[in-house]
Every structure is written in structure tokens, then in C-alpha cells.
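See below for the structure under consideration.
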Amino acid sequence: PQQVRRYFEEEHAAARPITAHILTSGFVMLDLDPAVQALRAEAAQWLAKAPAPSADALLWRRYAIADELDNAGDVLAVDPACASLILHAAVNKLVEYAFVSRNRNLPRQKELLAALDTLDAEAGARARAFYAAADAPAQLIAATALAAHLTGATTFFEWDSVRQPV
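Numbering-wise, our numbering comes out as the position in the sequence shown, counting from 1, plus 432.
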């Protein structure tokens, strides 16, 4: 049970409550221990909790996205395939940011774009434009537009984080 509880905490922090979802929506085949029902009840409580990333965590996400956009731009002319690879990673982070910044759990991957359409129609349209783009230069334009819409940061920016204990 302790490991399952750790999963609840870790997955909640990542906005991906997979274990909690499995325990609340799955069917128990053999229940020989009261811990099973207790964990199912705890799972329901974890699912009801919205993720609450700190302002610093959101700032770090925005910085990482802007850095990837810069990196893609740096290699676009010499290695468009690499730029495309970097842009796909950046757009995935942008789509996740749309949910996490609104204190929402991340949907399952196969539901991600449909859920984004519902959450933020403009972001959904911009993400779909990125995935439909014909080449890396068009992808960079679409990814930058999505970043401008969701984070306001499309290139490197200076930032300060809270002091970490050493």
C-alpha cells in the first residue's frame, strides 16, 4: 500500500494520476484484504484533487519551451529534421502546459487534442495547424504562434527562481 500511495503523490505532482484512475475505474477481481478498498477510496480522493503547480514550476516550463523553440530555430537551416524533432517536443510541452497551467490533469494521449479543443479552442486549432504543417519552417511558425498564445514566451528570457536550500 505504501508504494501505491507514493504513486498517487508522484502522479498527482506530474498531473498524470494513472494509478488513481486505474483503481477507481477498474474492476477488482479478488479482494482478500481491506487495504484494496481503502486504496480505492484514497484513489478517488486523489482524482478529485486538481494539480496545483507552483508559479516557479510554471515559469520553468515556459522557459524550457522557449529554449526548445530557440534551439529549433538555431538548427532549422542546417538540419530541418532535427528542428522538427525539437519542435514536436516543444509542442507536446505546450499542450501539457495548457492543462497544467489551468490546474487540470493531463488527458490520455489519445484524447489530448480533443481535450485541448474543448479546453481552449484557439490553442487546439493552433496545435492542429502545427501537426498539419508541411515542413519544419511551417512547423516553427505554428509552434511559435501556439507558444505566444499559451505562454507569451517565444524566445529566451531571463528569470529568477526561488532560492533552493543547499
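No residue lacks a Cβ here, since even glycine has one placed at the ideal position from N, Cα and C.
What you are looking at is a predicted structure, and each value in this text was computed from that prediction instead of being measured.
Secondary structure note for R438: its alpha helix (DSSP H) is the uninterrupted segment Q434 to A445.
Of the residues assessed, T587 falls on the exposed side of the cut-off, its CB having fewer than 16 other CB atoms within 10 angstroms. K542 and P483 have their C-alpha atoms some 21 Å from each other. Assignment of P597 by DSSP, reduced to helix, strand and coil, places it in the coil class. For the pair A555 and A530, the CB atoms are nearer than the 8 Å cut-off. The alpha-carbon of E500 is positioned some 10 Å away from that of A575.
Where R558 is concerned, the enclosing alpha helix (DSSP H) starts and stops at A553 to A564.
DSSP, reduced to helix, strand and coil, places L491 within a helical segment of the structure shown.
Under the three-pair Cβ rule at 8 Å, the region 521-541 counts as touching the region 444-453.
In this structure, DSSP gives A484 a state outside helix and strand, which the three-state scheme calls coil.
In its chain, beyond the 5 residues on either side, I497, E500, L501 and A575 have a beta carbon closer than 6 Å to the beta carbon of A522. Counted as a single uninterrupted DSSP element, the alpha helix (DSSP H) harbouring A568 occupies residues A568 to L582. R472 sits in a helix when the DSSP states are folded into three classes. Within 10 angstroms of the beta-carbon of I573 lie fewer than 16 other beta-carbons, which makes it exposed.
V510 carries a coil assignment under DSSP once its states are collapsed to helix, strand and coil. Apart from the 5 residues on each side of it in sequence, G505 sits with its Cβ closer than 7 Å to the Cβ of L572 in its chain, given in chain order.
Boundaries of the alpha helix (DSSP H) harbouring T456: I450 to S457, taken from the DSSP string.
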